[in-house]
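*Asks:* Following the working numbering, the residues of the sequence shown are numbered contiguously, the last one being 581.
Heads up, the beta-carbon is just placed ideally off N, CA and C, and yes, glycines get one too.
My questions all concern the structure below.
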Amino acid sequence: MAEPASAPSDGLSSALTTGRALILLQLLSRLLTFALNQGLVRLAPPAVFGTAAIQFDLVAATVLFLSREGVRNALLRRKGDDDNDVNSGFSTQDAALATLPFKLGCGVAVAVLALYLSTSSAETTSQPYFHVALRLYVYGALAELAIEPLYVRALRESPPRIRVRVQAEGGMAIVRAVVTFACLVLDPSGQRALLGFAIGHSAGASWLAARYVYEYGGLKVLPSLFFPKTNDQTTKREETGAASTRALAIANTRQSVVKHVLTEADRLAVGRISPLGDQGGYAVAMNYGSLVARIIFQPIEETLLLHWSRALDSPSTLPLLTLALRLSLHLLLLLPVFLPPLLPIVLPVLLPRRYVTETDAASTLQTYLVCYLPVLSFNGILEAFHAASATPEQVARQAWFMIASSVAFAWSLVVFTGVYAGWFMGYGRTAGGVTRSPPPGLLTSIFHCTTEQALIYSSCVAMSTRIAYAWPHAQGFFRKRGTPLTFAAIVPKARVRYVVAVTGAGLWVLAYRLGTSLRDQAILLAVGAVAGILVLYTIYTAEHDQFSAIGASLGRHEREPEPQTQPKPKSE
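Here you go:
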């Protein structure tokens, strides 16, 4: 029987509901953890914070990303073969494939640990409780991988169990921050600070795993996470679909190796060429700088990926992509104009005094917000569309651009900082009480930027290389369907550009003329707030028609009764 006519609208409504829930999850959990992190950065020394937030987090993220990303994307793109699959979220073949990330994770964890320990400096490994803390971080990663079948099942059910994900991920962030904060408060000497971060990380992962296990039957579901049931009576259609999913998972996993190296290249580099104290400053700056990315960008990208994976041929696909990209480009207008004059006023509230005086956290944070966030947002939307629409051949082709972007990052780093031998000559390591620093490069010598800023610029160059592939892919996809995607369609409207230019110029002139007294700073903040409200109102009026069209489409679907359909007979 044919699909119901309202399926695309149903997918869009479900996707936008997912997006609202995820943004609310990120907003509430991040606001709470932000308050707790304010205490963490004031309790933890920069060296400890750098080890935990840069190095240990990178180890855990590497195990997670390389083990599950390819399989997860392939399973989320796959549709159920029958109504039972839609209702349960899984077929037998999918359930078996979903257990693969944990098995991969065990091997990946061993390899990553061996590589990390063999390349870490004595300054790093000699910290109290270093090895115990590292093992706890790896345990947390494996706990997340173990419940991956339940995560995929929850998102593939109709409707998705968004409530479970909100409680699991929001609770994980809160538990992690609360437990870490408690451990640091109970250890005023700071000798067990690194262990406190590790206990908090593992406690958060345990909460996440326990919430999914509880949702799907408690302890009795555990055997299926490691030993899925097999079914010898599969139809030809099911076998074909499973083979296609496996092929896509393999292609995605191969690509994820290069993608992860590129995505985490800045942390890899800063962990290699910067002393532990500077790594702590970089970590604090990234923690605040990525707050917007975690609250807004990540949920939007996941929502778009989920919608396009289910309803790629929906009429809403092109309008949604165009609107998302255009809103993303607004960041390229707003952040460079409004942040530089206003950020110095709020920095004393965000950063502890020792991070401002002893590290380059302030300049790193401004560079991240002004330069990196707009590129990150634009690339994330394009890659979400690519993940939902690309064939295995196109995924393999993208891997070559990932390699090219890695080369672009490395070459940019050479030009900007002069660390052409840093990977091999031990720059950033401490020996005999002396830390070896790389020779000056183009940006560090001419424009007097820090090594951490140069890393961010190199990441922007590398991400632009990825955009150079993803944008033509999106254009080609819609060109074949007779609805072209043009650059002119995603450029912010002229009235928005005009208002940003006028208000931004006024703000910069005012910042130049005012002093540093509390009264002058209050005036500048007030003017900045008024200018920001005016710009946001202009954006809203400029995009009102687009928002209304999408809202009307959803409203029509919600008013229409869902058509009754009979279950589809199984193929023999």
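For A152, which of S129, Y221, Y364 has the nearest alpha-carbon?
*Replies:* Nearest option by C-alpha distance: Y221.
*Asks:* Taking its Cβ as the centre, do 16 or more other Cβ atoms sit within 10 Å of W409, making it buried, or is it exposed?
*Replies:* exposed
*Asks:* I need the DSSP call for I156, collapsed to helix, strand or coil.
*Replies:* coil
*Asks:* Could you tell me which of A535, T373, S76 sits nearest to L519, measuring between CA atoms?
*Replies:* With respect to the C-alpha of L519, the residue from A535, T373, S76 having the closest C-alpha is A535.
*Asks:* Tell me the residue span of the alpha helix (DSSP H) that contains P401.
*Replies:* 401-426
*Asks:* Just reading off the alpha helix (DSSP H) that A370 is part of, what are its end residues?
*Replies:* In the DSSP assignment, A370 falls within the alpha helix (DSSP H) that extends over 370-376.
*Asks:* What residue from Y546, V500, P197 has the CA that sits closest to F387's CA?
*Replies:* V500
*Asks:* How would you label R51, buried or exposed, when you count the other beta carbons within 10 angstroms and need 16 or more for buried?
*Replies:* exposed
*Asks:* What residue range is occupied by the uninterrupted alpha helix (DSSP H) comprising C458?
*Replies:* Counting along the chain, C458 falls outside any alpha helix (DSSP H), and DSSP gives it neither H nor E.
*Asks:* To the nearest angstrom, report how far apart A393 and A182 are at their CA atoms.
*Replies:* 24 Å
*Asks:* Quick check on A118: does DSSP put it in helix, strand or coil?
*Replies:* Here A118 sits in helix by DSSP.
*Asks:* To the nearest angstrom, how far is the alpha carbon of V68 from that of Q484?
*Replies:* 36 Å
*Asks:* Locate the alpha helix (DSSP H) running through I3, then write down its first and last residues.
*Replies:* There is simply no residue 3 to check, as the chain begins at 10 and stops at 581 in what is shown.
*Asks:* Could you tell me the alpha carbon to alpha carbon distance between T272 and R528, rounded to whole angstroms?
*Replies:* 42 Å
*Asks:* How about L204 and A142: do their beta carbons lie closer than 8 Å?
*Replies:* yes
*Asks:* According to the Cβ coordinates, are V147 and V72 closer than 8 Å?
*Replies:* Yes, they are a contact pair.
*Asks:* Would you check if there are 3 or more beta carbon pairs closer than 8 Å linking the segment 211-229 to the segment 191-199?
*Replies:* no
*Asks:* Determine the direct distance from the alpha carbon of K238 to that of L164, and round the result to whole angstroms.
*Replies:* 20 Å
*Asks:* Helix, strand or coil: how does DSSP classify T550 here?
*Replies:* Secondary structure at T550: helix, using DSSP grouped into helix, strand and coil.
*Asks:* Output yes or no for whether 8 Å exceeds the beta carbon distance between S468 and F418.
*Replies:* yes
*Asks:* Compare the C-alpha of V346 against each of V187, V379, T373, A463 and name the closest.
*Replies:* V379
*Asks:* What I want to know is whether the C-beta of T459 ends up closer than 7 Å to one or more non-hydrogen atoms of the ligand MG.
*Replies:* Of the ligands one can find in the structure shown there are none, so the ligand MG has no counterpart to examine.
*Asks:* Could you pull out every residue in the same chain whose Cβ sits closer than 6 Å to the Cβ of L257, ignoring the five residues on either side in sequence?
*Replies:* A83, P401
*Asks:* What is the DSSP secondary structure of P8, counted as helix, strand or coil?
*Replies:* Only positions 10 to 581 of the chain appear in this structure, which leaves residue 8 out of reach.
*Asks:* Could you have a look at K489 and say whether DSSP puts it in helix, strand or coil?
*Replies:* DSSP, reduced to helix, strand and coil, places K489 outside both helices and strands of the structure shown, so it counts as coil.
*Asks:* Measuring CB to CB, does Q288 end up less than 8 Å from G280?
*Replies:* Taking C-beta atoms as the reference points, Q288 and G280 count as a pair closer than 8 Å.
*Asks:* From L360 to L351, what does the alpha carbon distance come to, in whole angstroms?
*Replies:* 15 Å
*Asks:* Would you call the segment 472-481 and the segment 308-327 in contact, with 3 or more CB pairs under 8 Å?
*Replies:* Cβ pair count under 8 Å is below three, so no.
*Asks:* Under a three-way DSSP split, which group does G199 fall into?
*Replies:* coil
*Asks:* Throw me the rounded Cβ distance for the I105 and A260 pair, which I believe falls under 8 Å.
*Replies:* For the sequence presented, residue 105 should be read as Ala rather than Ile. Not really, about 19 Å apart at Cβ, beyond 8 Å.
*Asks:* Taking C-beta to C-beta, are E461 and P55 nearer than 8 Å?
*Replies:* no
*Asks:* Would I208 pass as an interface residue toward chain C - the criterion being a Cβ-Cβ separation below 8 Å?
*Replies:* The structure shown contains no chain C; it holds only a single protein chain.
*Asks:* Hey, how far is the Cα of V365 from the Cα of G524?
*Replies:* Near 20 Å, if we compare the C-alpha coordinates of G524 and V365.
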